[in-house]
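Below is one structure, written out as structure tokens, with a few remarks after it.
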Amino acid sequence: SQQGEEDPQALSIQEGENATMNCSYKTSINNLQWYRQNSGRGLVHLILIRSNEREKHSGRLRVTLDTSKKSSSLLITASRAADTASYFCVNAGKSTFGDGTTLTVKP
Amino acid sequence: GAGVSQSPRYKVAKRGQDVALRCDPISGHVSLFWYQQALGQGPEFLTYFQNEAQLDKSGLPSDRFFAERPEGSVSTLKIQRTQQEDSAVYLCASSRNRGLMNTEAFFGQGTRLTVV
Chain A
1 SQQGEEDPQA
11 LSIQEGENAT
21 MNCSYKTSIN
31 NLQWYRQNSG
41 RGLVHLILIR
51 SNEREKHSGR
61 LRVTLDTSKK
71 SSSLLITASR
81 AADTASYFCV
91 NAGKSTFGDG
101 TTLTVKP
Chain B
1001 GAGVSQSPRY
1011 KVAKRGQDVA
1021 LRCDPISGHV
1031 SLFWYQQALG
1041 QGPEFLTYFQ
1051 NEAQLDKSGL
1061 PSDRFFAERP
1071 EGSVSTLKIQ
1081 RTQQEDSAVY
1091 LCASSRNRGL
1101 MNTEAFFGQG
1111 TRLTVV
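Protein sequence lines correspond, in order, to chains A and B.
Counted from 1, the first sequence has number 12 at position 12 by the working numbering; the numbering is strictly sequential.
Counted from 1, the second sequence has number 1067 at position 67 by the working numbering; the numbering is strictly sequential.
Here it is, written out as structure tokens:
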């Protein structure tokens, strides 16, 4: 069973809108990573946020981390159809994945 | 090679048959991970190697599952006496350093195992 829980399980938005997905863990979080998985490119690393960081940006991605709440969020701004994929958080200290959020971006 | 390579890409096994799945990590990568992914779910951790040492095998679901990385590069995941519940995609990943604390994992395309 997974240690991480993503919320929502599924999200459908229009191209150009922002998408926010959340991840929470029952165990403590050290560093945390986000990955994207689609049928074309498999699982790909997006961003790593360290336990002493609260927020990190990479292009259209913004990640926050709250270690006291054992949670993280991923914001994708100005979404594109190519962002359609499943998104997973990974508790880096335990190498465990959450259940994922399936994002669909409609053109 | 340029990335993590897994073979075969697809495997159909009859129930009770033994299978061996191969992973070629990125050259020089210290860490190697195996995950099992059922349809519609996130990858489930199976086992972790640091070079040739299997440091964590807590995720292996039963003693029918066995993994090795004898020379610290190529790894093989073996499943004995396959059962239908073993049907899944098996993903291999490697990372440059120890674990995932400060380094990203690079994933292969996976081996889709179907047990009939």
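Glycine included, C-beta positions come from ideal geometry on N, C-alpha and C.
Range covered by the beta strand (DSSP E) that runs through residue i
i: B/E1044; result: E1044 to Q1050
i: A/I29; result: Note, A/I29: premise wrong, no beta strand (DSSP E); not H, not E.
i: B/D1056; result: A1053 to D1056
i: B/S1007; result: S1005 to S1007
i: B/V1089; result: A1088 to S1095
i: B/L1113; result: T1111 to V1115
i: B/L1077; result: S1075 to I1079
i: A/H45; result: G42 to I49
i: A/K106; result: T101 to K106
i: B/Q1083; result: From DSSP, B/Q1083 is part of no beta strand (DSSP E); its letter is neither H nor E.
7 Å Cβ cutoff, residue i in contact with chain B
i: A/D99; result: yes
i: A/Q2; result: Because the pLDDT at A/Q2 is just 49, under 50, the model does not fix this residue reliably, and the point stays unresolved.
i: A/G42; result: yes
i: A/Y87; result: no
Contact set between residue i and chain A, taken where Cβ atoms lie within less than 7 Å
i: B/P1043; result: F97
i: B/A1105; result: H45
i: B/G1016; result: Within chain A, no residue comes near B/G1016; the closest Cβ sits about 27 Å away, beyond 7 Å.
Partners in chain B for residue i, counting only beta-carbon separations shorter than 8 Å
i: A/V63; result: Neighbours of A/V63 on chain B: none; closest Cβ ~14 Å, over 8 Å.
Proximal chain A residues relative to residue i, where beta-carbon distance stays under 9 Å
i: B/N1102; result: N31, L48, R50 and A92
Residue i at chain A interface by Cβ criterion, 7 Å
i: B/Q1109; result: yes
Under 8 Å by beta carbon: chain A residues contacting residue i
i: B/F1033; result: S95
Query - Contact the segment 22-42 of chain A vs the segment 89-97 of chain A: 3+ CB pairs below 8 Å - result: With a cut-off of 8 Å, the segment 89-97 of chain A and the segment 22-42 of chain A count as touching, because enough Cβ pairs lie within range.
Report task. Flag this pair as touching only if the segment 1013-1026 of chain B and the segment 1067-1082 of chain B have three or more C-beta atom pairs under 8 Å; answer yes or no. Result -> A contact exists between the segment 1013-1026 of chain B and the segment 1067-1082 of chain B.
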